[in-house]
Amino acid sequence: MLIIGSGLNGDMIVLDLDNLQIGYVFHDELWENDSISSREILICMNCSFGEFYNNSLTIDGYPVDGFQAERYLGLVK
């Protein structure tokens, strides 16, 4: 994974080089647990870099961090 930016709370925005999809990695979980893999805490947004950029500009309420991404994708209530 390649870090390409960060969300408003410090969560990393990453490009998964395996599938070219964008996602968020929880920064606090990664820093607090050095044995965890970033892939284990990846929230995949199921979109390409271009789609992510466009969505962030055109969709109201598009996630700006990992927690919002989980809610947006329906992974948590």
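Read in order, the letters of the sequence shown are residues 973 to 1049 in my numbering. Heads up, the beta-carbon is just placed ideally off N, CA and C, and yes, glycines get one too.
{"Check": "8 Å contact criterion, which residue 998 and residue 983 should meet: CB distance rounded", "Outcome": "6 Å"}
{"Check": "Check whether residue 991 and residue 1039 have beta carbons under 9 Å apart", "Outcome": "no"}
{"Check": "9 Å Cβ cutoff met for residue 995 and residue 1016", "Outcome": "yes"}
{"Check": "Through-space distance from residue 985 to residue 976, alpha-carbon basis", "Outcome": "6 Å"}
{"Check": "Residue 1045 vs residue 1026 beta-carbon contact at 9 Å", "Outcome": "no"}
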